[in-house]
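This report refers to the structure that appears directly beneath it.
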Amino acid sequence: MNIDLKELLSAREGMKKIMGDVLRVLYLFSGTLWLPELIVELSGFKKTLGEGEDVPKRRKIEDAVNLLNMAGLVSIKPGIRATASSKGEKTILISLVRKDEVLTELSMDEKVRKYLQAWKEALGNIRSIRCT
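Residues in the sequence shown are numbered from 1 upward in steps of one, following the working numbering.
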């Protein structure tokens, strides 16, 4: 499956937008997340950027991950995620495929930059608080 990365990152709606946002979140979180973590972090990413009303449902995120896997942009591996329970949680581990062109495009992406700037500002505000 051949997918144009720039098209995913510029998409404004539909599955391509979800796929682009999944790639962004994986990039921001060191390239690998469990599916439940991806869902939570994608929601946080979108809310940070003021797109909180546009958070996709779990099934749409799973579909996006599967399409990205077929396109060779992510890999998926079934596994058991550690939880507070003794059995853990059966889920999948999703990893960004480390291709130079993918990493370069994501590093220059406007949404990635806005998200990182928001975090920088938030952390700066925390550092400026003095305990007396």
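For every residue, glycine included, the Cβ atom is placed at its ideal position computed from N, Cα and C. Predicted model only: the values in this text are computed from it and were never measured.
Nonlocal neighbours in the same chain, by C-beta distance under 6 Å from N35, ignoring five residues either side: For the purposes of this step, residue 35 is identified with residue 35 of the sequence shown, where counting begins at 1. Note that residue 35 is Leu in the sequence shown, not Asn. Once the five neighbours on either side are set aside, the close Cβ partners of L35 are T91 and I92.
Could you spell out the range, first to last residue, of the alpha helix (DSSP H) harbouring L73? On the sequence shown, residue 73 is found 73 positions in, with the first residue counted as 1. Taken as a continuous stretch (DSSP letters only), L73 belongs to no alpha helix (DSSP H), as it is neither H nor E.
Under DSSP, the beta strand (DSSP E) around E51 begins and ends at which residues? Looking up residue 51 in the sequence shown gives position 51. Premise fails: E51 is in no beta strand (DSSP E) and is neither H nor E.
Pick helix, strand or coil for S107, following the three-state DSSP scheme. For this step, residue 107 is matched to residue 107 along the sequence shown. Here S107 sits in helix by DSSP.
Can you have a look at L123 and say buried or exposed, based on whether 16 or more other CB atoms are within 10 angstroms of its CB? Residue mapping note: residue 123 aligns to position 123 of the sequence shown, counting from 1. Answer is exposed; the Cβ neighbour count stays below 16.
Compare the Cα-Cα distances from K77 to each of N69, R12 and K111 and report the closest residue. Taking the sequence shown and counting its residues from 1, the one referred to as residue 77 is at position 77. The residue with the shortest Cα to Cα distance from K77 is N69.
Taking 8 Å as the cut-off, does the segment 50-63 touch the segment 71-87 (at least 3 CB pairs, one atom from each stretch)? no
Can you name the residues that DSSP bridges to P78? Here residue 78 is taken as the residue at index 78 of the sequence shown, counted from 1. In the DSSP output, where bridge partners are listed per residue, P78 has I92.
Nonlocal neighbours in the same chain, by C-beta distance under 6 Å from V40, ignoring five residues either side: Looking up residue 40 in the sequence shown gives position 40. If we look at V40 and ignore the five residues flanking it on each side, it has no Cβ neighbours.
Does the Cβ-Cβ distance between E89 and R81 come in under 8 Å? If you number the sequence shown from 1, residue 89 lands on position 89. If you number the sequence shown from 1, residue 81 lands on position 81. Contact flag set, yes.
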